[in-house]
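Input: a single structure, listed below in structure tokens.
There are 2 protein chains.
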Amino acid sequence: MTSAPLDPSRPTLGIIAGGGAVPVTVADAAAEAGRPVVVFAIRGEASPSVESYPHHWIRWGEIGRLFDLMVREKVGDLVICGSVTRPDFTSIRVDLGAVLSLPKILSLMVGGDDTVLRGVVRFFEDRGYTVVGAHEVAPLLVADVGQLGQVRPTAAQSLDVAKGFEAARVLGTLDIGQAVVALNGRVVGVEGVEGTDELIARIADLRARGRLKWSGREGVLVKAAKPQQDLRVDMPTIGPRTVQAVAAAGLAGLAVETGRVMIVDRAETIAAADKAKLFLVSERLDPASVAPVAEDVP
Amino acid sequence: MTSAPLDPSRPTLGIIAGGGAVPVTVADAAAEAGRPVVVFAIRGEASPSVESYPHHWIRWGEIGRLFDLMVREKVGDLVICGSVTRPDFTSIRVDLGAVLSLPKILSLMVGGDDTVLRGVVRFFEDRGYTVVGAHEVAPLLVADVGQLGQVRPTAAQSLDVAKGFEAARVLGTLDIGQAVVALNGRVVGVEGVEGTDELIARIADLRARGRLKWSGREGVLVKAAKPQQDLRVDMPTIGPRTVQAVAAAGLAGLAVETGRVMIVDRAETIAAADKAKLFLVSERLDPASVAPVAEDVP
């Protein structure tokens, strides 16, 4: 747990907050550890519940104002968390700080998602801030090893879990997706850029059309981080909505990589799994056991 | 090219024909090599164009009649090819041969697609027939190495091709899909059980919704066989429809594994690619260069 500030002259943990429950969970954990917190709540994204902590509402584009506030609030470490809808860049009014950063910001926007996120981290770090992961402040955001809910996978379902982790690990090495669905000993769906929600919807659709058949609940959604993923700002996530989608698709459970997949609304997520009679398990993957992928293509 | 029969007392090449142009292409190639041919055309599936060769129309379920006809026609080698819609098993009237084979047929239907196909091959081989691949009789059904149409991929597009083959090869090793879409140096979509058509449609949809952005034509559909795939009865396939879908999705081209992906309606497929200004290339993959995938999941 990163609860002590790196720089004692700037003891405050800044939380740049998008939507959902994660920013408050992080603030709660920091406050519990006795650490001063200030939330920079992105307007139109962050939940009003962040107002229970010292906070400032900021708009997309108010980068100059953000840096002024961070200095005034003695922020040293920074957590960037919560969901964001992709902003409509044409409607953003930028302030002087943004104009001065424009070349940097434009170069961030050129790359893929990973590149953008790595760029965001560097953008703050170049200005003297230390970006830490939400899960480093609030370790309960990630899964422990083992069975999280009340339902235990069957032996056949555990084989699907193993099959899914094997595939997810290799796909991560290739920088493809974070999630797969394994069913009856076979990987039947793989996440690309469309994301986990659409992968689950696809499996449900294939079942509805009779292209995938199984009786009762079978199959598992497996989610793991890519080896190279910057977990400080880009962590694979599941939550109650994921559980509901998995249940609606007729799958039997979820499996996530220990320590590297965020469980948003942990209690609610586990309760939802129990209620839907889904298993929810976590396994620690050993990065060293991932076979290297041949780089040369003949 | 397998043009000489293995058993001189049974010189005829039998072609069990589903839909599309492949059965006639196989019959043409055999006839050209001077080999007697008889087509067993599946009613409701095979094209009437097979009637230009000696033929019998058979119904799903007429297994006894099929074996009687094969003996009478002196069939030794057998090609099973063409597309089939999955039959409605409840409406099939089975003959005595099918009833006698019922336990075998039921056991075939239990496994996944691969298991069914391996079972079909064994079913005929156990009865003294040699199942050969359509491409062994008609080598023009598979791609040569190199550029097939008139369009040459750019350097960036060639990198996408390499990235796509790398991923397709690993996915094949894991027995997942046969196709991926690579775009701007990144694999953005992976085929699971939904098939290549739906993978392409997904990419088109992601672009229409602004989730994937590119200008002009970029990106490639890469298709390869799984290492363990039985190419005699189960070959990855592209054709004019694939080319049209790739063009409609705004991708720049197609790349297929040399010798192990079937090009249905070759001339028409290449013409369609040229017309849509898509590249169509083929690369020989060295199965030995596929890194072994770690089997143990911690």
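So the sequences go chain by chain: B and V.
So the first sequence is numbered by the working numbering: it starts at 1287 and just counts up by one.
So the second sequence is numbered by the working numbering: it starts at 1287 and just counts up by one.
Here a beta-carbon is modelled for each residue, glycine too, at the ideal position from N, C-alpha and C.
Note that the coordinates shown come from a computational prediction; the quantities given were computed from them, not determined experimentally.
- For residue 1363 of chain B, there is no enclosing alpha helix (DSSP H); the enclosing beta strand (DSSP E) covers residues 1361-1367.
- Under the DSSP assignment, residue 1450 of chain V falls in the alpha helix (DSSP H) whose first and last residues are 1441-1459.
- Inter-residue distance for residue 1506 of chain B and residue 1425 of chain B is about 25 Å (C-alpha atoms, whole angstroms).
- In the three-state scheme derived from DSSP, where H, G and I count as helix and E and B as strand, residue 1301 of chain B is classed as strand.
- Counting the other Cβ atoms within 10 Å of the Cβ of residue 1522 of chain V gives 16 or more, which makes it buried.
- Residues of chain B with a Cβ closer than 8 Å to the Cβ of residue 1461 of chain V are, in chain order, 1472 and 1473.
- Taken in chain order, the members of the segment 1477-1498 of chain B whose beta-carbon sits within less than 9 Å of a beta-carbon on chain V are 1477, 1478, 1479, 1480, 1481, 1484, 1485, 1488, 1489, 1491, 1492, 1496, 1497 and 1498.
- Within the same chain, Cβ atoms closer than 6 Å to the Cβ of residue 1293 of chain B are found at 1362, the five residues on either side in sequence being excluded.
- When C-beta distances to chain B are compared with 7 Å, every residue of the segment 1533-1549 of chain V stays at or above that value.
- Note that the C-beta distance between residue 1537 of chain V and residue 1503 of chain V is below 8 Å.
- In this structure, the straight-line span from the alpha carbon of residue 1491 of chain B to that of residue 1533 of chain B is close to 13 Å.
- In this model, residue 1318 of chain V and residue 1542 of chain V are separated by some 27 Å (Cα to Cα).
- A contact between stretches requires three or more CB pairs, one per stretch, nearer than 8 Å, and the segment 1553-1562 of chain B fails this requirement with the segment 1441-1450 of chain B.
- Residue 1307 of chain V places its beta carbon 8 Å or farther from that of residue 1323 of chain V.
- Neighbours of residue 1504 of chain B in chain V, taken as residues at a C-beta separation under 8 Å, are lacking, since the least C-beta distance is about 13 Å.
- In the three-state DSSP reduction, residue 1555 of chain V falls in the helix class (H, G or I).
- According to the DSSP assignment, residue 1541 of chain V belongs to the beta strand (DSSP E) that extends over 1539-1543.
- With fewer than three CB-CB distances shorter than 8 Å, the segment 1325-1341 of chain B does not count as touching the segment 1449-1456 of chain B.
- In the DSSP assignment, residue 1500 of chain B is bridged to no other residue.
- Between residue 1299 of chain V and residue 1326 of chain V the beta-carbon gap is near 11 Å, outside 8 Å, which marks them as no contact.
- Following the DSSP letters along the chain, one finds residue 1489 of chain V inside the alpha helix (DSSP H) bounded by residues 1482-1494.
- Per DSSP, the continuous beta strand (DSSP E) segment holding residue 1472 of chain B begins and ends at 1472-1476.
- Residue environment for residue 1295 of chain B: exposed (fewer than 16 other C-beta atoms within 10 angstroms of its C-beta).
- Identification of chain B residues near residue 1453 of chain V by a Cβ-Cβ cut-off of 7 Å yields 1460 and 1462, ordered along the chain.
- For the pair of segments examined, the segment 1413-1422 of chain B was found to touch the segment 1508-1526 of chain B: the number of CB pairs separated by less than 8 Å reaches three.
- Under a 10 Å Cβ-count criterion, residue 1509 of chain V is classified as buried, with 16 or more other Cβ atoms of the shown protein chains found around its own Cβ.
- Per DSSP, reduced to three states, the secondary structure at residue 1569 of chain V is strand.
- Closest in alpha carbon position to residue 1549 of chain B, among B:1321, B:1351 and B:1427, is B:1427.
- Under the DSSP definition of a beta bridge, residue 1316 of chain V lacks any partner.
- Counting along the chain, residue 1420 of chain V sits inside no beta strand (DSSP E); it lies in the alpha helix (DSSP H) bounded by residues 1420-1423.
- Secondary structure note for residue 1323 of chain B: its beta strand (DSSP E) is the uninterrupted segment 1323-1328.
- Taking 8 Å as the cut-off, the Cβ atoms of residue 1464 of chain V and residue 1440 of chain V do not count as close.
- A direct Cα-Cα distance of roughly 13 Å separates residue 1435 of chain V from residue 1526 of chain V.
- Its Cα nearest to that of residue 1369 of chain V, the residue V:1309 stands out among V:1342, V:1309 and V:1349.
- Residue 1433 of chain V carries a strand assignment under DSSP once its states are collapsed to helix, strand and coil.
- In the structure shown, the three-state DSSP call for residue 1561 of chain V is helix.
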